[in-house]
Amino acid sequence: MVQVVFLARFTVGALGAWPSEHLPATRVATGALAWFCATASAYLLNGVMDLPEDRANGSRRPLASGALPARAARRAIAVLTLSALLLSVFDLGLFLCVGGILFLGWAYSAPPLSAKRRSWSSSLSVTVTGLCAYGAGAQAAGGEPRAGLWLFAAVMSAWMGLVGAFAKDLGDIPGDREGGRRTLAVVRGEKAARTVTAVCAPAVGLAFAVGALLYDPPLLAAAVVLLCGAGWISWLCRHPATGRERAPYRAFMVCQYATHLAIATVLLLGL
């Protein structure tokens, strides 16, 4: 599911810069494949580095569950990384975006940086990763970006960094504590992380609505979807329940899919 949303970001980035005079389908498909290889490599690297924490949290990720051996994952990381770089080398902008996410994947998951260990560095790296995704799609399409492209790219990247990064920590506290991480939820407690998530979600949604109204009114429909999801997440954070620690993050993911679908619909209809 993680790869699906990464491709969704790439897709709306491409649609937001799709040239009207021709259809660069092969170019976009090659870029999408390069992007998939890069994100899959970063995801597997994170899985390898997070094995102890994931097992402590009862994660069902392939490596933590034993469905994928760590040795096979390491080989796949090497193949996917090389493939991503080779597939993107035809376009400097795309190559930089692909190289950027490969670097961020390493910086987030592996020593010596291990950005995942602290909420602020995790939030920053996740936000920049989002910008790389939309930028990669726009580069692959090669057209003139519409007015709202960088608006929804910035907003949805902030959604990842200011909402998703904190919501994810709510369900990972035992493993994060065991792994020595210094996330907000570990250092200040679950209540603090819930409060930040509950405030940031509607703030990002409102920023999207205001930005759309000012710069690209057709995107207001997608902003409404995001605002509805933000309200849902905020409510979940303010009404915690035992066994429902991961509910805000699940809501965050559902809202991501719905908002990207709404953005893609607006772009495809040419509104």
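Numbering (UniProt numbering), first residue to last: 1 to 271.
We put the CB at the ideal spot given by N, CA and C, even for glycine.
Given the structure is predicted, the values throughout are model-derived calculations rather than measurements.
query                                                                                                              : result
Specify, as a first and last residue, the run of the alpha helix (DSSP H) that Lys191 falls within.                : 190-215
Suppose contacts are defined by Cβ-Cβ distances below 7 Å. Is Leu45 in contact with Gly99 by that definition?      : no
Report the option in Asp169, Asp54, Ala138 whose CA atom is closest to the CA atom of Ala17.                       : Ala138
Going by CA-CA distance only, name the one from Thr127, Leu184, Asp216 that's closest to Ala147.                   : Asp216
Compare the C-alpha of Val123 against each of Gly135, Ala223, Ser109 and name the closest.                         : The question names Val, yet the displayed sequence has Ser at residue 123. It is Ser109.
Have a look at Ala29, Ala76, Cys37 and flag the residue whose alpha-carbon is nearest the alpha-carbon of Gly142.  : Ala29
Under the rule that 16 or more other beta-carbon atoms within 10 Å means buried, what is Ser65, buried or exposed? : exposed
What are the start and end residues of the alpha helix (DSSP H) that includes Gly31?                               : 25-49
Looking at the secondary structure, which residues open and close the alpha helix (DSSP H) in which Val186 lies?   : 184-187
Can you give the Cα-Cα distance for Leu149 and Ala14, rounded to whole angstroms?                                  : 9 Å
Three or more C-beta pairs under 8 Å: does that hold for the stretch 228-239 against the stretch 176-192?          : no
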